[in-house]
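Chemist: Residue numbers (numbering that gives the first Met the number 0): 0 to 392. Note that CB positions come from ideal geometry on N, CA and C, so glycine has one too. The following block contains the structure, expressed as structure tokens.
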Amino acid sequence: MIAQFIMTQFIMVVLLFIFALGGSAIVFCLLNIFWRSYFSANRKYQQVEPQPIELKVIARDEMSARHFSVRLQAMNGEVLTDFLPGQYLSLMVPSESDADSASSALLKRCYSLASWQQGTDFYELGIQREVEGKVSTWLHDNLQLGSVISALPPKGNFVINGKQTDHTVLIAGGIGITPLRAMVHQFICQIGENQFGKNKSMSLFYCAKSIAEMCYVDEFIQLADECSDFMFYPFLTQGVPAAQFTAGRLSAELLTKKLDLRLDKLKGDYYLCGPNAMMDELKVGLTEQGIAADHIHFERFGIEAATFSGQEYSVRLNNNKSIVFNKQRTLLDAMEAQGVELQSECRSGECGQCKVSLLAGKVKPLIKIEIDLKAGQILPCCSIPQSDLLIDV
Ligand code: FES
0 MIAQFIMTQF
10 IMVVLLFIFA
20 LGGSAIVFCL
30 LNIFWRSYFS
40 ANRKYQQVEP
50 QPIELKVIAR
60 DEMSARHFSV
70 RLQAMNGEVL
80 TDFLPGQYLS
90 LMVPSESDAD
100 SASSALLKRC
110 YSLASWQQGT
120 DFYELGIQRE
130 VEGKVSTWLH
140 DNLQLGSVIS
150 ALPPKGNFVI
160 NGKQTDHTVL
170 IAGGIGITPL
180 RAMVHQFICQ
190 IGENQFGKNK
200 SMSLFYCAKS
210 IAEMCYVDEF
220 IQLADECSDF
230 MFYPFLTQGV
240 PAAQFTAGRL
250 SAELLTKKLD
260 LRLDKLKGDY
270 YLCGPNAMMD
280 ELKVGLTEQG
290 IAADHIHFER
300 FGIEAATFSG
310 QEYSVRLNNN
320 KSIVFNKQRT
330 LLDAMEAQGV
340 ELQSECRSGE
350 CGQCKVSLLA
360 GKVKPLIKIE
370 IDLKAGQILP
380 CCSIPQSDLL
390 IDV
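As structure tokens, then:
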């Protein structure tokens, strides 16, 4: 009897063990299937490249001899992807390679969205004609009412974060005004809808050489007249046309003095967009004035040309192609001009898309590189050679 009882217990334990093992195995299999499908979906998501969209020009306005404003709408009334003020579109224009004029490659350049309103059905850009700028020249000469152009959907991290501080300070130099104008539009809209409650304000400092180099000035003056929470401070280095303008260069000291008149403390977030030299100087100056580094945000607009030393360099690629660097603004410009296609987007050392490995030679970075690169990697969009180079593309 006892032996039978022990045997029964033993069989039950064995059965329980088998069931437990089976259950675990089933749970394990289910988890495994879920895990794999989640990861493969995620990997696919990461690999999906945004698809170009076709946009049609619905308005074009000349803002100055060097600037025009353009509105683009989706073909066939398709709905446009939403965007945040401060983001950009990448426009794609046909390349005419120096080496091969029949090349069908496309040149891609980022242009900040210059206006914002909820649920808009168009994108607006402000485009400056750059000296020797192939894309901006093409856009100035070819974009007319009804023209169609390819673009990648809006993108970019230069946006006002959700927790807007009491005071937002925008600082623009030249065509760097475009993303900041979109931020002004958003602010005016939110103030109008009373989204903030009380005590939110915005100041815009806008610097240029002359009034002819400025865009949207009348609009900003009018907005500042109509909205007491928005302040506009235009600065000109070459003569001032009216009393609202300040003559001279904007310094961090001058800026904080102007703000001090209105604010108890220099609290707030600072958004800078303009020439690199101006931004670097103001960034240092603001930090010295006590603004915390994580409250200073900036966007670079390409790289300014370095002074050409007169020295030419040969750049060999590991696919046996060779090009020559002479007078181009950056190594990326030189490569593209001679038919070498590289991934690129920001052209200002921020997205990392153009990175390549330097196998031999030396380059000079034109800005302080702030993204992580592996040993030996360089960013051709913001580098120039200092010797002959061998590059792995
Ligand atoms: S194109 Fe973005 S880092 Fe070079």
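#1: Taking buried to mean at least 16 other C-beta atoms within 10 Å of its own C-beta, is Lys354 buried or exposed?
#2: So is the beta-carbon of Leu378 under 8 Å away from any non-hydrogen atom of the ligand FES?
#3: On the three-state DSSP scale, how would you describe Ala98?
#4: For the beta strand (DSSP E) containing Ala60, list its first residue and its last residue.
#5: To the nearest angstrom, how far is it from the Cα of Lys361 to the Cα of Gln189?
#6: To the nearest angstrom, how far is the alpha carbon of Asn31 from that of Gly85?
#7: Is the Cβ-Cβ distance between Leu271 and Gly175 less than 9 Å?
#8: Under 8 Å: does the beta carbon of Ile370 sit that close to some heavy atom of the ligand FES?
#9: Answer yes or no: do Leu142 and Phe67 have a C-beta to C-beta separation smaller than 9 Å?
#10: Check each candidate in Lys363, Pro384, Gly348, Ile390 and name the one with the smallest Cα separation from Leu372.
#11: Can you tell me whether Ser321 is buried or exposed, with buried defined as 16 or more other CB within 10 angstroms of its CB?
#12: In the DSSP assignment, find the beta strand (DSSP E) that holds Ile210 and state where it starts and stops.
#13: Quick check: Phe234 and Phe244, are their CB atoms within less than 9 Å of each other?
#14: Do Ala64 and Ala207 have their CB atoms nearer than 9 Å?
#15: Residues bridged to Ala246 by DSSP?
#16: Rounding to the nearest angstrom, what Cα-Cα distance links Gln327 and Phe300 in this structure?
#17: Report all residues from its chain with a CB closer than 8 Å to the CB of Ala374; omit the five preceding and five following residues, and keep chain order.
#18: Enumerate in chain order the residues of its own chain whose CB-to-CB distance from Tyr215 is below 7 Å, with the five nearest sequence positions on each side excluded.
#19: If you measure between the beta carbons of Pro152 and Leu83, is that distance less than 9 Å?
#20: Keeping to the same chain, check which residues put their C-beta closer than 7 Å to that of Thr236; ignore five residues upstream and five downstream.
#21: Cβ of Lys354 within 8 Å of any heavy atom in the ligand FES?
#22: Is any non-hydrogen atom of the ligand FES found closer than 8 Å to the C-beta of Gly348, if you look at the structure I gave you?
#23: Taking the alpha carbon of Asn198 as the reference point, which residue from Cys226, Met182, Glu218 has its own alpha carbon closest?
#24: For Asp259, which three-state DSSP category applies?
#25: Could you give the residue range of the beta strand (DSSP E) that holds Gly273?
#26: Measuring alpha carbon to alpha carbon, tell me which residue in Gly338, Met278, Met334, Leu88 is nearest Leu388.
#27: What beta strand (DSSP E) runs, 3 residues minimum, are completely inside the region 122-168?
#28: Cβ of Ser343 within 8 Å of any heavy atom in the ligand FES?
#29: Leaving aside the five residues before and after Ser382 along the sequence, list all residues of the same chain whose C-beta is less than 6 Å from its C-beta, in chain order.
#30: Which word fits Ser111, buried or exposed, when buried means at least 16 other C-beta atoms lie within 10 angstroms of its C-beta?
#31: Write down the C-beta distance between Leu138 and Leu90 rounded to the nearest angstrom, noting that I regard them as a contact closer than 8 Å.
#32: Could you tell me the alpha carbon to alpha carbon distance between Ala336 and Ile368, rounded to whole angstroms?
#33: With a threshold of 8 Å on Cβ separation, who are the neighbours of Ser39 within its own chain once the five nearest residues in sequence on each side are excluded?
#34: Let me check you understand the geometry: is the CB of Gly351 closer than 8 Å to at least one non-hydrogen atom of the ligand COA?
#35: Could you check where the beta strand (DSSP E) with Glu298 kicks off and where it finishes?
#36: Can Pro51 and Ser149 be called in contact, C-beta distance under 9 Å?
Modeler: The short version:
#1: As a working mapping, residue 354 is identified with position 355 in the sequence shown. Label assigned to Lys354: buried.
#2: Indexing the sequence shown from 1 puts residue 378 at position 379. Yes, the ligand FES has a heavy atom inside 8 Å of this Cβ.
#3: As a first step, residue 98 is located in the sequence shown; it is residue number 99 there, counting from the start. Because the pLDDT of Ala98 is 44, which lies under 50, any placement of that residue in the model is unreliable, and the number read from its coordinates should be weighed accordingly. Reduced to three states, the DSSP call for Ala98 is coil.
#4: Reading the sequence shown from its first residue, position 61 is the one you call residue 60. For the record, residue 60 in the displayed sequence is Asp; it is not Ala. Here the beta strand (DSSP E) through Asp60 covers 52-61.
#5: For this step, residue 361 is matched to residue 362 along the sequence shown. For this step, residue 189 is matched to residue 190 along the sequence shown. Rounded to the nearest angstrom, the two C-alpha atoms are 50 Å apart.
#6: Residue mapping note: residue 31 aligns to position 32 of the sequence shown, counting from 1. Residue mapping note: residue 85 aligns to position 86 of the sequence shown, counting from 1. The predicted position of Asn31 is uncertain, since its pLDDT is 47 and thus under 50; no value can be drawn from it.
#7: As a first step, residue 271 is located in the sequence shown; it is residue number 272 there, counting from the start. As a first step, residue 175 is located in the sequence shown; it is residue number 176 there, counting from the start. Yes, these two residues count as a Cβ contact at 9 Å.
#8: In the sequence shown, the residue the question calls residue 370 occupies position 371. Under cutoff, so the answer is yes.
#9: As a working mapping, residue 142 is identified with position 143 in the sequence shown. As a working mapping, residue 67 is identified with position 68 in the sequence shown. Contact flag set, yes.
#10: Along the sequence shown, read from residue 1 onward, the residue named residue 372 stands at position 373. Nearest of Lys363, Pro384, Gly348, Ile390 to Leu372, Cα basis: Gly348.
#11: For the purposes of this step, residue 321 is taken as the residue at position 322 of the sequence shown. Looking at its Cβ environment, which holds fewer than 16 other Cβ atoms inside 10 Å, Ser321 is exposed.
#12: Taking the first residue of the sequence shown as position 1, residue 210 is located at position 211. Element bounds for Ile210: n/a, residue is neither H nor E.
#13: As a working note, residue 234 is residue 235 in the sequence shown. As a working note, residue 244 is residue 245 in the sequence shown. Cβ atoms of Phe234 and Phe244: closer than 9 Å.
#14: Reading the sequence shown from its first residue, position 65 is the one you call residue 64. Reading the sequence shown from its first residue, position 208 is the one you call residue 207. It is not a contact, given that the beta carbons lie outside the stated cut-off.
#15: Locating residue 246 in the sequence shown gives position 247, counting from the first residue. Answer is Leu235.
#16: Within the sequence shown, residue 327 is the residue found at index 328, counting from 1. Within the sequence shown, residue 300 is the residue found at index 301, counting from 1. Each residue's alpha carbon lies about 17 Å from the other.
#17: Taking the first residue of the sequence shown as 1, we reach residue 374 at position 375. Result list for Ala374: empty, nothing under 8 Å.
#18: Position 216 of the sequence shown, counting from 1, holds the residue named residue 215. Around Tyr215: Ile176, Arg180.
#19: In the sequence shown, the residue the question calls residue 152 occupies position 153. In the sequence shown, the residue the question calls residue 83 occupies position 84. Taking 9 Å as the Cβ cut-off, Pro152 and Leu83 do not qualify as a contacting pair.
#20: Along the sequence shown, read from residue 1 onward, the residue named residue 236 stands at position 237. Excluding residues within five positions, the ones whose Cβ falls inside 7 Å are Lys208, Gly247, Arg248.
#21: Sequence index remark: in the sequence shown, residue 354 carries index 355 (1-based). Yes, since a heavy atom of the ligand FES falls inside the 8 Å radius drawn around the Cβ of Lys354.
#22: In the sequence shown, residue 348 corresponds to position 349, counting from 1. Yes - the ligand FES has a heavy atom lying nearer than 8 Å to the Cβ of Gly348.
#23: Here residue 198 refers to the residue found at position 199 of the sequence shown. Taking only the C-alpha atoms, the option nearest Asn198 is Cys226.
#24: On the sequence shown, residue 259 is found 260 positions in, with the first residue counted as 1. Reduced to three states, the DSSP call for Asp259 is helix.
#25: Locating residue 273 in the sequence shown gives position 274, counting from the first residue. 268-273 is the extent of the beta strand (DSSP E) around Gly273.
#26: Within the sequence shown, the letter at position 389 stands for residue 388. For the residues Gly338, Met278, Met334, Leu88, the minimum Cα distance to Leu388 belongs to Met334.
#27: 122-127, 147-154
#28: Position 344 of the sequence shown, counted from the start, is the residue given in the question as residue 343. Yes, the beta carbon of Ser343 sits closer than 8 Å to at least one heavy atom of the ligand FES.
#29: Position 383 of the sequence shown holds residue 382. Same-chain partners within the cutoff: Leu330, Val362, Pro364.
#30: Reading the sequence shown from its first residue, position 112 is the one you call residue 111. By the neighbour-count rule (16 or more Cβ atoms within 10 Å), Ser111 is buried.
#31: Taking the sequence shown and counting its residues from 1, one reaches residue 138 at position 139. Taking the sequence shown and counting its residues from 1, one reaches residue 90 at position 91. Contact holds; Cβ gap of about 7 Å.
#32: Numbered from its first residue, the sequence shown carries residue 336 at position 337. Numbered from its first residue, the sequence shown carries residue 368 at position 369. Going by the C-alpha atoms only, they are around 24 Å apart.
#33: Here residue 39 corresponds to residue number 40 of the sequence shown, with the count starting at 1. Because the pLDDT at Ser39 is just 41, under 50, the model does not fix this residue reliably, and the point stays unresolved.
#34: Annotation note on the ligand COA: not contained in the displayed structure, which lists the ligand FES as its ligands.
#35: Counted from its first residue, the sequence shown places residue 298 at position 299. Where Glu298 is concerned, the enclosing beta strand (DSSP E) stretches over 295-299.
#36: Position 52 of the sequence shown, counting from 1, holds the residue named residue 51. Position 150 of the sequence shown, counting from 1, holds the residue named residue 149. Contact flag set, yes.
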